[in-house]
Structures are given as structure tokens and as C-alpha cells.
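**Student:** Sharing a structure with you now.
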Amino acid sequence: MTYNVGLIGWGTVGGGVLDILSQEKHRIEQRCGQEVSIKTIVTRSPSRSRSQNAGSALVTDDINVILNDESIAAVILLVGGTDISKEFCIQCLEAGKHVITANKAIIAEYWDELFAIAQDNNVILAFEAAVAGSIPIIDSLRDGFVANRIDGVEGILNGTCNYILTMMEECNLSYDSALEKAKELGYAEADPTLDVNGMDTAHKTAILARLSFNTQISMDSMNIEGIESLSAGDIESAKRLGARIKLLGLAQRQENGISLSVEPTLVPITHQLASVRLNNNAILIDGHACGPSVLIGQGAGALPTASAVLSDTIDIITGARQQAGPRNCNVTFESLDIIEDNLNRAPFYIRFVVQDESGVLAKICSSFSNHSISIDSVNQSTGNDNGEATIEIVTHPCLRSSLSSVINELGSKPILDVVTMKYLL
Ligand code: HSE
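This is the structure:
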């Protein structure tokens, strides 16, 4: 017996899917109880030379070949972006085909619409590969942790950013050279802007929040910052503080709702997420019963992502997955408010570059006091020939809005530059 699959998109991950299916053909056949065959591949450029062999698959640029083929029961959809990809996803679901995708943007932004279509057509929409590459975090939330009230999720969710930050810290590479290397290694999206500006992490955080809190998540409610403006100076400051900078997606249950954010964050080196290097991703799930649990693995690249794609595919073939969407999310919703980011409390790190003159430190400290922000530690270093000093402050948990008021109140001179970052406890 053969289970026929269609593949839409033959880029890095599509190539990984073909590689695993050929390398592990017999093992996968044994696990599925039948042969798994990619019958048709739809790609924008059928004639481009690639390192994989399409085998017996028909390679075409016409999606109708898949849509009209009743022998194809499931489609692996590996097209990025939202417009065309969403359209393809809907066409496949409406044609009665299960869809397995790595596209986090369509899942995060069109969750309700897509799962309703899947349910109406009695097919499955699976997306393990959309978050954290090879790490089975979707399965873990829908199965392993399903009995827990999840209180928080902290994630390093973008392999490209984690790779860049690791290379800047460990090899003193510039941001640009580290990004080039990440692209060469196949970690970055076709347009790496979405990796480095935090949007990719935001989509993944929204999906994890939705699964964790069983509530509707709007991307508009999230504070999203990327890593593009981080400098070698920031990396050095983190080292001095005994911390590392990580781009974190945070989703936390608070008394009055949930808070969501994506931003470069100082993580103390003793924290479990601090030691996660290179293209690895990691997710700390804090469940009321399981306690903090960390999953670590490769979050980007051809084979790690294809591993998750094929995990969903095999689940569908074997019948291990039967509902349209995750079981903890398609029944009823909790209605939780998303707290405006300005109203979230967290400790912050602030680095001021100032003119080294009398009264500057006092002025800064009194502004913190005026806005009821309690200071945890202060470090000042002086001594460069420009007459400048660097003052680094770590606060106790405070409102982001209060910190913004301090920065506005201090204005420019004698403050020459200010960098702020959340500090993970
Ligand atoms: N480009 C993503 C990353 C991989 O760097 O993590 C796919 O989500």
C-alpha cells in the first residue's frame, strides 16, 4: 500500500523532507505500515537544479494537479508569507486534503478561519514545524502538558537570531557577518527581516500562547522588538552583568490577564535559557503541576524542520492525529485579556552614556525615585578620553510606562545615549 502526499514548496525545508524520506524510507514505511510517497511537487521553478532527486514525483508549477488528484490525501505546504500560502492552504483543505505546514504566520494570523475550514471539511491542519523546528512543543502542549494550567512560556524561538547573538558574543562577529553566516546555513527565512525584527518570534509566541492559555490572541496586542539595533557594546554590558542577551518570546499569566512580548532580554547565565547556543531554540513551560520544564533543540534548518513536518505527516497517516486542530484549543475558549505592554511589570536594565560631570548620577537617580522605580544595582564606568561615562542600572520590577517616563524626563543633555532591556529573573 502507498500513502500519497503532495508537496507544495521545494525550498530548504522541502528538500529536507525529500532527504529524510529517502534516507529513512524503510523505517518510515515500517512505522506507517505502508509506503509514503511524494507523488507531486508544486514549485514556482520546476526546472531549477537542486541537490535532491524528485524520484518518481511529478514536478509542476500547477497546484491543480494536487487539488484534482483524489489519490493524494495529505499535502505538505512549505510556502512562506501569508497571501499565497493561506490561499493554497484553504484550497487544499476545501479539496478534502489534510495539510501539514511550517508556516507560522498563517497559523498565528488566521487560526480561527483556517481551523474552521479544516473542521468543516473533516480534515486535519497540522503545524508542529511552525514553532521551534525539531522540538515537539505543539505535541507537548496538546498532549504531555494538557492537564496543566500553564502559567508562563519563555521561548528562544528564532534560530537565526540565536545564532547571530551567539556569534556576536563568542566570536566577536559583527551583526552583519553573523547574519550572512545564518543565511548560508539555511536558518533564515527567505526574507530575513522577519527573523531579525522579531516578527517570526512573535508569530511563534502567539501560537504558543494560544495553545497554553486557550484564548484568542491578537498580534496587535504584542510588543515586538528585534535584534537589529543591538551592538557589541550591549553584548559587553550583558557579560559584565553575568548575563547573555536572548531574543525571548514571553507569554505570562497575570492576575488580570496575560502579558505577551518579544524583545531582546538579559538572561542571567545561571538561567536555563542562557546556555542555549547557535541555531538552537528552547522553550520553558511553567505548568502548575509539572513545574518549569525546558525543551531544547534545533529550531531552524532543513532537517530539523523537516523532522517536525514528517512527525505530523506520520501521525496523520497512522491515525494518531484525528482532530482538525489541537484538542486543547478547538472546543471552548477562556476569555483572557491581553494586558497592554506599558502596564506590565518587569525588572529592566538601562545603560546611559552621559557627559561625565557633576550631578548627572544624582539627576538620574532622582528621576527613578520620582517615578517610584526602585533601583536594584548601579554600576558606573568612566575614564574614556571623550569625557563620557557609562551608567548601568538594573531596576526592581517596575511598570514599563514608568521607565518610559524616566527616559522622557531625562531628555537629552547630559544624557548622550540610552539603551533599555528587560531583565529576566
Ligand atoms: N527562520 C526561522 C528561524 C526558522 O531562524 O528560527 C523557521 O521558523
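So for the sequence shown, the numbering used here puts the first residue at 1394; every next one is plus one.
Ideal placement from N, C-alpha and C gives every residue a C-beta, glycine not left out.
All values reported here derive from a predicted model rather than from experimental measurement.
State buried or exposed for V1827, treating a residue as buried only when at least 16 other CB atoms are found within 10 Å of its CB.
**Tutor:** This structure leaves residue 1827 out entirely; the chain is present only between 1394 and 1818.
**Student:** At which residue ranges does the stretch 1746-1813 contain complete alpha helix (DSSP H) runs of 4 or more residues, listed in the order of the chain?
**Tutor:** Complete alpha helix (DSSP H) runs here, min 4: 1753-1763, 1793-1803.
**Student:** Give me the Cα-Cα distance between L1451 and I1421, rounded to the nearest whole angstrom.
**Tutor:** The straight-line gap from Cα to Cα measures roughly 21 Å.
**Student:** What does a CB cutoff of less than 6 Å around Y1396 pick up in its chain, not counting 5 residues either side in sequence?
**Tutor:** Excluding sequence neighbours, Y1396 sits near Q1427, V1429, I1710.
**Student:** I1401: buried (16+ other C-beta within 10 angstroms of its C-beta) or exposed?
**Tutor:** Buried.
**Student:** Should K1497 be counted as a contact of the ligand HSE given a C-beta to heavy atom distance under 7 Å?
**Tutor:** Checking the Cβ of K1497 against the ligand HSE gives yes.
**Student:** For the structure I just gave you, are there three or more beta carbon pairs, one from the stretch 1692-1707 and one from the stretch 1602-1620, closer than 8 Å?
**Tutor:** Taking 8 Å as the limit for Cβ pairs, the verdict is that the stretch 1602-1620 does not touch the stretch 1692-1707.
**Student:** What did DSSP end up calling K1432 once you bin it into helix, strand or coil?
**Tutor:** In the structure shown, K1432 sits in a strand (DSSP, three-state: E or B).
**Student:** Would you tell me roughly how many angstroms separate the C-alpha atoms of E1383 and N1496, rounded to the nearest one?
**Tutor:** Nothing in the structure corresponds to residue 1383, since the chain is present only between 1394 and 1818.
**Student:** Kindly provide the ranges of any beta strand (DSSP E) runs that are 3 or more residues long and lie completely inside the stretch 1405-1455, ordered along the chain.
**Tutor:** With a minimum length of 3 residues, the continuous beta strand (DSSP E) runs that stay inside the stretch 1405-1455 are 1428-1435, 1451-1453.
**Student:** Roughly how many angstroms separate the alpha carbons of A1583 and I1465, rounded to a whole number?
**Tutor:** Taking the straight line joining both Cα atoms gives about 28 Å.
**Student:** Report the three-state DSSP secondary structure of P1657 (helix, strand or coil).
**Tutor:** Here P1657 sits in strand by DSSP.
**Student:** Taking the C-alpha atoms as reference points, what is the distance between A1498 and E1480?
**Tutor:** Taking the straight line joining both Cα atoms gives about 13 Å.
**Student:** Taking all protein chains shown into account, decide if C1564 is buried (16 or more other Cβ within 10 angstroms of its Cβ) or exposed.
**Tutor:** By the neighbour-count rule (16 or more Cβ atoms within 10 Å), C1564 is not buried but exposed.
**Student:** With burial defined as no fewer than 16 other Cβ atoms inside 10 Å of the residue's Cβ, what is the status of Q1416: buried or exposed?
**Tutor:** Answer is exposed; the Cβ neighbour count stays below 16.
**Student:** Taking 7 Å as the line, does the beta carbon of D1588 fall inside it for any heavy atom of the ligand HSE?
**Tutor:** The answer is yes for D1588.
**Student:** Of all the beta strand (DSSP E) runs that stay within the bounds of the stretch 1548-1635, which reach a length of 3 or more residues?
**Tutor:** Correct list: empty.
**Student:** Kindly give me the distance between the Cβ atoms of L1809 and V1747, rounded to whole angstroms, as I take these residues to be in contact under 8 Å.
**Tutor:** Right, their Cβ atoms sit about 6 Å apart.
**Student:** Decide if D1588 is buried, meaning its Cβ has at least 16 other Cβ atoms within 10 Å, or exposed.
**Tutor:** Buried: at least 16 other Cβ atoms inside 10 Å.
**Student:** Closer than 8 Å is the cut-off here; do at least three beta carbon pairs connect the stretch 1592-1599 with the stretch 1507-1522?
**Tutor:** No, the stretch 1592-1599 does not touch the stretch 1507-1522.
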